[in-house]
Each structure stands twice: as structure tokens, then as C-alpha cells.
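For the sequence shown, UniProt numbering assigns the number 1 to the initial residue and increments by one for each residue that follows.
Think of the CB as a built atom: it goes at the ideal place given N, C-alpha and C, for glycine as much as any other residue.
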Amino acid sequence: MHDLTGFQRDLLYVIAGADRPSGQTVKDEVEKYYSSEINHGRLYPNLDTLVNKELVEKGQLDRRTNYYAITESGRQRIQERREWESQYVDF
Numbered sequence: 001m002h003d004l005t006g007f008q009r010d011l012l013y014v015i016a017g018a019d020r021p022s023g024q025t026v027k028d029e030v031e032k033y034y035s036s037e038i039n040h041g042r043l044y045p046n047l048d049t050l051v052n053k054e055l056v057e058k059g060q061l062d063r064r065t066n067y068y069a070i071t072e073s074g075r076q077r078i079q080e081r082r083e084w085e086s087q088y089v090d091f
């Protein structure tokens, strides 16, 4: 996860917590958390980075809509991050 931006990590967490969300669904969830609008020029290149790093897979729901799904590698990276965080923060 050290090679991801905070924004990319947030996208990965949203995708991991949903069942094959569309880009718009991911955008809506991140906008709720950030309390601000996320433009397409920021969202989709970052989603593509996650796909290129094989942390997320991208597929088609229909001709206009793609879905995103966490890969096993993505799940592993989240698990490793959570284990690392728990060394320092335990609420």
C-alpha cells in the first residue's frame, strides 16, 4: 500500500466493501467521505491505476457502465495494511 496515494487507498477500501460497484457508485461513496465533489478526471485515472496494479479488476455491466471488483491481491494488501496499522493504533 505504500505505493498508493491516500485517495487510491480510499478507492480500494470502497471497492472492497461493495459488490462490484460502478465507477459512479465508488464516486458517490468517496464524495460522502470527503464531503466534496470528485471530478471524473481525478476518479477514473486513479481507478485505472488500481486496475494496472492488479488490485482491482474492471468489467462491463453494460455498454456504458463498468464495474470494479477487488482482487485477491487487493484483499491481501488491505489485510497487510490493517495488520501494520494495528501495531500502532488499537482502539
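Item checked: Contiguous alpha helix (DSSP H) assignments of at least 4 residues, all confined to the UniProt domain "Transcription regulator PadR N-terminal" (12-80) -> Taken in chain order, the unbroken stretches of alpha helix (DSSP H) that lie wholly in the UniProt domain "Transcription regulator PadR N-terminal" (12-80) and span 4 residues or more are 23-34, 40-52.
Notebook entry, point to check: Excluding five sequence neighbours on each side, which residues of the same chain lie with their C-beta closer than 8 Å to the C-beta of ALA16?
Noted result: Indexing the sequence shown from 1 puts residue 16 at position 16. ILE70, GLY74, ARG75, ILE78.
Item checked: Alpha-carbon spacing of ARG81 relative to ASP62, whole angstroms -> Translated into positions along the sequence shown, residue 81 becomes position 81. Translated into positions along the sequence shown, residue 62 becomes position 62. One alpha carbon belongs to ARG81, the other to ASP62, and they sit about 33 Å apart.
Check: Should the segment 3-12 be called in touch with the segment 46-60, which here means at least 3 C-beta pairs below 8 Å?
Finding: The segment 3-12 is in contact with the segment 46-60.
Notebook entry, point to check: Since SER22 and ASN66 are thought to touch, with beta carbons under 8 Å apart, how far apart are those beta carbons, to the nearest angstrom?
Noted result: Within the sequence shown, numbered from 1, the residue matching residue 22 stands at position 22. Within the sequence shown, numbered from 1, the residue matching residue 66 stands at position 66. Contact flag correct, Cβ pair sits at about 7 Å.
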